[in-house]
Amino acid sequence: VYKRQLRGPASGAARRHAILESPHGISSGFFMIGSGGKPTSRDVARLAGVSQATVSRVLQNSPLVQPATRQAVLDAIAQSGYAPNAAARWMRTKRTGIIALVVANLAVNPLYPAMLQLLSAALRKRGLSASVYEEEDFSDATMRVMVESGVDGVITTTATEASLPLLERIAQKVPLVLLHRTVGSDAFDQFSSDNRASGASTAGFFVDHGRTRIGLISGHDLPSTLREREQGFVEELAPVSYTHLTLPTI
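The following block contains the structure:
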């Protein structure tokens with residue numbers, strides 16, 4: 004909660020009264036802001052009860068900061084309205100604090116908006132921001148835009164084996180993480196659900212309920228998610244006499 008008060012008509016400076024609840028408890032007091040009316044990192048440090056160097060370490064996502072201290076600084080940043088100067092930070096650290104998130108079919112697949120929301124929230128907690136790209140298939144143009152915009156890393160949820168050469172080129176320039184879909188490469192970290200187990204579980208549900216005429220409608224085999232689910236589904240039905248019929252892709 005803030006009350007902005009002018010010290011006097013001649014000074015042009017202002018101060019704010021802040022009540023901040025943090026892991027360190029509730030603190031209250033006045034802190035000065037510059038004549039331009041914009042909080043600085045010094046204001047954040049004073050409000051959080053830490054040094055300006057600690058604020059800088061939090062902004063740089065340094066592992067040297069204790070979790071409680073990091074949260075106190077992030078709370079102070081949020082409540083003071085402090086916005087780091089991205090250009091100045093890049094000149095000093097060669098980092099922008101921006102992570103590219105590549106998703107697809109936001110209007111169709113409810114999984115992607117959910118992942119986007121969770122990823123963005125996780126990045127904010129670490130003092131980072133997201134730049135979102137909605138694209139099903141990677142292209143050279145997208146890669147150039149992402150890399151040339153100065154992102155500090157890329158998280159993609161839309162990888163396929165066909166995009167592997169492009170992914171490896173991205174990984175040579177900035178850190179890259181694959182989420183949801185995976186490819187056959189050790190050049191970057193990859194995280195995925197156990198899609199084969201989920202396919203097997205679905206087939207097992209039908210078998211356990213006495214179904215004998217079971218069909219599977221799948222999509223194209225480019226995404227690892229679809230391939231793995233189909234593999235698990237078919238493998239679960241293998242011990243019993245079921246017919247596997249593949250229909251032409253529509």
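Just so you know, we're using the numbering used here here: the sequence shown kicks off at 4 and counts up by one.
By construction, the Cβ of each residue, glycine as well, lies at the ideal position given by its N, Cα and C atoms.
- As a beta-bridge residue in DSSP terms, residue 192 pairs with 180.
- In the three-state reduction of the DSSP assignment, residue 47 falls in the helix class.
- Just so you know, the alpha carbons of residue 77 and residue 234 end up roughly 45 angstroms apart.
- Judged by their CB atoms, residue 105 and residue 115 are not nearer to each other than the 8 angstroms cut-off.
- With contacts defined as CB atoms closer than 8 angstroms, residue 101 and residue 132 qualify as a contacting pair.
- Closest by C-alpha distance to residue 240, out of 152, 224 and 214, is 214.
- Taking a contact as a CB-CB distance under 8 angstroms, the pair residue 47 and residue 60 does not count as one, their CB atoms being some 12 angstroms apart.
- The beta carbon of residue 226 sits closer than 7 angstroms to those of 163 and 184, all from its chain and outside the five residues before and after it, given in chain order.
- Around the Cβ of residue 138, a 10 Å sphere holds fewer than 16 other Cβ atoms; the residue is exposed.
- Following the DSSP letters along the chain, one finds residue 61 inside the alpha helix (DSSP H) bounded by residues 55-62.
- In this chain, the beta strand (DSSP E) harbouring residue 156 covers 156-159.
- Counting only the Cα atoms, residue 207 lies some 37 angstroms from residue 168.
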